[in-house]
Amino acid sequence: MLKKLTELSGVSGNEKNVSDYIFSELQPFADKAEKDNIGNLIFYKKGKNPTGTTVAVFAHMDEVGLIVTDITDDGYLKFSSVGGIDDRILLTQRVLVGKEQINGVIGIKAVHLQTKDERGKVIKIEEMYIDIGALNKEDAQKVAKKGDYVSFNSPYQKLSRDRFKAKAIDDRAGCAIIMELIKESYDEDIYFCFTVQEETGLRGAQVLSRRINPDIALVLEATTASDTAFSPKHLYATTLGNGPVITNMDRGAYADKELNSFITNIAENNSIPYQNKLTSNGGNDSRQIQTGASGCRVCSVSLPCRYIHSPVSVADMNDYKSMKNLILKVLKDIHKFANKKEVIQ
Amino acid sequence: MSISKYIEKLTCLDGVSGFEHNISAFLVNYLKSICDDVTIDALGNVIACKKSKKSGGKVMLEAHIDEIGMLVSAIDDDGFLLVSPVGGIDVRILPASCVKVHGKEKYLGVVGAKPPHMMSSDEYAKVIDFEQIYIDVGMSKEEAQANIGVGAMVTFDASPTHLQNDFMASKCMDDRASVATILDCLDKLKGIELGYDLYICACVQEEVGLRGSVTCAYSVNPDFAIAIDVTHATTPDESKGTFKCGVGPVICLGPNIHDTLVNNFIDTMKRSNISYEIEVEGGNTGTDAWSIQTAREGIPTMLISLPLKYMHTPIETISISDCEKTSHSLVTFLKSFEKTEDVLC
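Residue numbers (this note's numbering), protein chains in the order written: chain A, 277 to 621; chain B, 76 to 420.
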């Protein structure tokens, strides 16, 4: 399922392929299945012994990518980024353009033709272009147009030691976990939600948080693992193979301390490996969910992921399985986590 | 088979300069069925001869079979591979690319890139150094040492991608597209009695100093040689001195080229209404033509090139029509004389 999900194209604003797939797969498992005005998916599943608390689990369907901004007279496509992408990973990438997913390559002048100065400069996205093999502008316009979404052409592939490489591990990993967990039964009523446009500003979550107004929310994400060569150990953030990450805080949200402890205790009691995020960079839907409506107790649990926001993200299957197992146990027990809307006298 | 099929087969083989055995073996096997004599020399050069019953001399038709890539130079404590380049690579294309590491088996690897969240604004503006490049194969140090080891060959993981029209993007079009062109030329000469011995030479180590061709020319000792390589095609970031894909064979003029020979070639093109372009190089052409010219006691040499976009990247892009037109020009020329002396004076 991870293979299928990561290989679908669903750049922020164009998540249809992903949402159609998820909707058709999950509809049979939900008591209510809906798609809202912005494209978010909500699957409501009644619990066996609900306490009346609104519990929701979130993952986002969109991935970072590119969008065609212009077509040159010679038939090359100019583009800008959708979501946060480091310009330096783009050169010579293979891409898929538009609805028909036509092949393209991001070109660069041959090294032999560059002066020493030129070779020392970072090439900015404004200077780049996609070659689809068109002869001129008119020829290009037969198959491509302004506004076409462009995703990376990067198949799911295995590396050594249960590690794998794919694009969009952020956040198809979260989506895959929800897709598997919705099939289980729980005591509490749960909303299983898939948001759009997280990468362009947590926008799907804004809308969804108001619609559902959850009391408790779990955000399933992928997060930076920079446990790679040349990285100082204290900046690793998270480490592959050390289990899912229970986040204390990031640039957008402070996790609910008690919910965080609840989750941590479940991990410890069930011998599920876990780690904490060592840096506070990045942000995700939890920011919007926490403050989107009348306030929500939120915690993010994330899959450590190297080279995030690139076509070659790398994660560990053992971390994925541990994360799935942890969330399953948390959801099974979530009815035990009291909702503290006490009246103070 | 068609030229594009030859290209697909040849570009999927891996052989960095000095490690070309895969390609040599493939060509020996293939050429055995269509040539009279096939040998492989001490360096790995493949020499195949289409023998003539007449004694009109010896012609050498040459292309190089090595590709640019990397070698593992060290394995760090966490199993990441440090590398040295083989041939000229623009380091800016490496982050977030996929490679194959050739150890006990072929292992997929990812060239690591630091994520945007982790960078200071200073770092963001700088070009990465080769010393900061590493490859992640998902192995521990011990596994990497046991299965890969220092000195292992690393090639781009970049199989052919078909673009619009007849454009094709792949690694090592430089110079497998030329090899494919020569194989096609051989196919078209099948059953035709030439007046002289035609030597097809697939040479090694061009990218690291034009090394295989000089020893090959020494063994063959032809009356003249035609080297087929690639030249720069026009792209949005370079149009000076480049050639548009589709113009056909690009014939070189200059001190590296035998005057009479090339003029005879051009006359034949004009007589046969075959279109071509002229490239002028006042010094070292940077191809095997340079080393062949001064091999042995001096060999009259010619250079024909295929226009190629994005040279020395995993997305080298060529128009198949250029290969077809070049093959046709070679066939026409090779059939146009009985003795080599006819075209040397």
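Think of the CB as a built atom: it goes at the ideal place given N, C-alpha and C, for glycine as much as any other residue.
Give the C-beta separation of residue i and residue j to the nearest angstrom, bearing in mind that I take them to be a contact with Cβ-Cβ under 8 Å.
{"i": "CYS320/B", "j": "PRO382/B", "result": "5 Å"}
{"i": "PRO490/A", "j": "ALA332/A", "result": "4 Å"}
{"i": "LEU278/A", "j": "TYR432/A", "result": "7 Å"}
{"i": "ILE495/A", "j": "ASN316/A", "result": "In the sequence as displayed, the identity of residue 495/A is Val instead of Ile. With 8 Å as the limit, VAL495/A and ASN316/A do not qualify as a contact, their Cβ atoms being about 14 Å apart."}
{"i": "ASP116/B", "j": "ILE109/B", "result": "Not quite, the Cβ-Cβ distance comes to about 20 Å (not below 8 Å), so this is no contact."}
{"i": "GLY90/B", "j": "GLN280/B", "result": "Not really, about 10 Å apart at Cβ, beyond 8 Å."}
{"i": "VAL340/A", "j": "LYS441/A", "result": "Actually they are not in contact, since the Cβ atoms of VAL340/A and LYS441/A sit about 16 Å apart, beyond 8 Å."}
{"i": "VAL202/B", "j": "MET145/B", "result": "Actually they do not touch by this definition, with Cβ atoms about 18 Å apart."}
{"i": "ALA498/A", "j": "ASP446/A", "result": "4 Å"}
{"i": "CYS276/B", "j": "ILE78/B", "result": "In fact, because the Cβ distance is near 19 Å, the residues do not count as touching under 8 Å."}
{"i": "GLY380/B", "j": "VAL289/B", "result": "The amino acid occupying residue 380/B in the given sequence is Ser; Gly does not appear at that position. Their Cβ separation, rounded to whole angstroms, is 19 Å, which puts SER380/B and VAL289/B out of contact at 8 Å."}
{"i": "THR504/A", "j": "PHE205/B", "result": "Incorrect: roughly 16 Å between the Cβ atoms, too far for contact."}
{"i": "VAL419/A", "j": "LEU342/A", "result": "Actually they are not in contact, since the Cβ atoms of VAL419/A and LEU342/A sit about 16 Å apart, beyond 8 Å."}
{"i": "THR306/B", "j": "THR407/B", "result": "THR306/B to THR407/B, Cβ: 20 Å. No contact."}
{"i": "VAL606/A", "j": "ILE539/A", "result": "6 Å"}
{"i": "GLY184/B", "j": "VAL174/B", "result": "5 Å"}
{"i": "ILE406/A", "j": "TYR352/A", "result": "7 Å"}
Let me know if residue i comes out buried or exposed under the rule of 16 or more other beta-carbons within 10 Å of its beta-carbon.
{"i": "THR391/A", "result": "exposed"}
{"i": "ILE267/B", "result": "exposed"}
{"i": "ILE353/B", "result": "exposed"}
{"i": "ARG371/B", "result": "exposed"}
{"i": "THR114/B", "result": "exposed"}
{"i": "LYS80/B", "result": "exposed"}
{"i": "ASN359/B", "result": "exposed"}
{"i": "ASP333/B", "result": "One detail in the question is off: residue 333/B reads as His in this sequence, not Asp. HIS333/B is buried by the Cβ-count criterion."}
{"i": "ASN429/A", "result": "buried"}
{"i": "ASN536/A", "result": "buried"}
{"i": "GLU286/A", "result": "The question names Glu, yet the displayed sequence has Gly at residue 286/A. Buried is the call here."}
{"i": "SER234/B", "result": "exposed"}
{"i": "THR310/B", "result": "buried"}
{"i": "MET593/A", "result": "exposed"}
{"i": "GLY316/B", "result": "exposed"}
{"i": "PRO324/B", "result": "buried"}
{"i": "GLU391/B", "result": "buried"}
{"i": "HIS510/A", "result": "exposed"}
{"i": "GLY396/A", "result": "exposed"}
Taking the DSSP output, what are the residues bridged to residue i?
{"i": "LYS441/A", "result": "GLN433/A, VAL590/A"}
{"i": "ASP346/A", "result": "LYS354/A"}
{"i": "LYS308/A", "result": "TYR320/A"}
{"i": "LEU232/A", "result": "What is shown of chain A runs 277 to 621, which leaves residue 232/A out entirely."}
{"i": "ALA149/B", "result": "LEU157/B"}
{"i": "ALA302/B", "result": "GLU137/B, LEU378/B"}
{"i": "PHE334/A", "result": "CYS469/A, VAL495/A"}
{"i": "THR500/A", "result": "CYS581/A"}
{"i": "GLN551/A", "result": "VAL521/A"}
{"i": "CYS320/B", "result": "Its beta-bridge partners do not exist; DSSP assigns none."}
{"i": "ASN379/A", "result": "LEU372/A"}
{"i": "HIS177/B", "result": "LYS181/B, MET228/B"}
{"i": "SER576/A", "result": "VAL495/A"}
Less than 6 Å between C-beta atoms, sequence neighbours within five positions excluded: which residues of the same chain meet that for residue i?
{"i": "LYS129/B", "result": "GLY270"}
{"i": "ALA309/A", "result": "GLN303, PHE319"}
{"i": "ASP112/B", "result": "CYS124"}
{"i": "ALA591/A", "result": "ILE445, LEU579, CYS581"}
{"i": "LYS311/A", "result": "LEU317"}
{"i": "LYS374/A", "result": "The question names Lys, but residue 374/A in the sequence shown is Gly. Excluding residues within five positions, the ones whose Cβ falls inside 6 Å are ALA420, ASP424."}
{"i": "THR523/A", "result": "ALA531, LYS553, SER576"}
Apart from the five residues just before and just after residue i, which ones in its own chain have a Cβ nearer than 8 Å to its Cβ?
{"i": "LYS414/B", "result": "GLY131, GLY132, GLY270, TYR271"}
{"i": "THR368/A", "result": "VAL381, ILE382, GLY383, ILE384"}
{"i": "GLU456/A", "result": "MET277, LYS600"}
{"i": "VAL225/B", "result": "VAL147, SER148, ALA149, ILE150"}
{"i": "GLY359/A", "result": "VAL287, SER288, ASP338, GLU339, VAL340, GLY341, GLU475, THR476, HIS585"}
{"i": "GLN551/A", "result": "THR514, THR515, ASN518, GLY519, PRO520, VAL521, ILE522, PRO580"}
{"i": "ALA302/B", "result": "GLU137, ALA138, SER288, THR362, ASP363, ALA364, ILE367, THR376, MET377, LEU378, ILE379"}
{"i": "GLY329/B", "result": "VAL355, GLU356, GLY357, GLY358, THR360"}
Keeping to the same chain, check which residues put their C-beta closer than 7 Å to that of residue i; ignore five residues upstream and five downstream.
{"i": "GLN220/B", "result": "ILE150"}
{"i": "GLU464/A", "result": "GLY323, PRO326, THR327, THR329, VAL331, ILE610, HIS611"}
{"i": "LEU169/B", "result": "VAL186, ILE208"}
{"i": "LEU285/B", "result": "ASP363, TRP365, SER366"}
{"i": "ASN284/A", "result": "The sequence given here has Leu at residue 284/A, not Asn. The residues are ASN293, VAL294, TYR297."}
Q: Entirely within the region 468-498 of chain A and at least 4 residues each: give me those alpha helix (DSSP H) ranges in chain order.
A: 479-488
Q: Jot down the residue ranges of each uninterrupted alpha helix (DSSP H) in the region 386-428 of chain A, minimum 4 residues, whole runs only, in chain order.
A: 392-395, 413-417
Q.
Threshold first: 3 residues or longer. Then list the beta strand (DSSP E) segments lying entirely within the region 208-266 of chain B, N to C.
A. 209-211, 228-231, 242-245
(Q) I'd like the ranges of any beta strand (DSSP E) spanning at least 3 consecutive residues and lying wholly in the region 336-380 of chain B. (A) Listed in chain order, they are 352-355.
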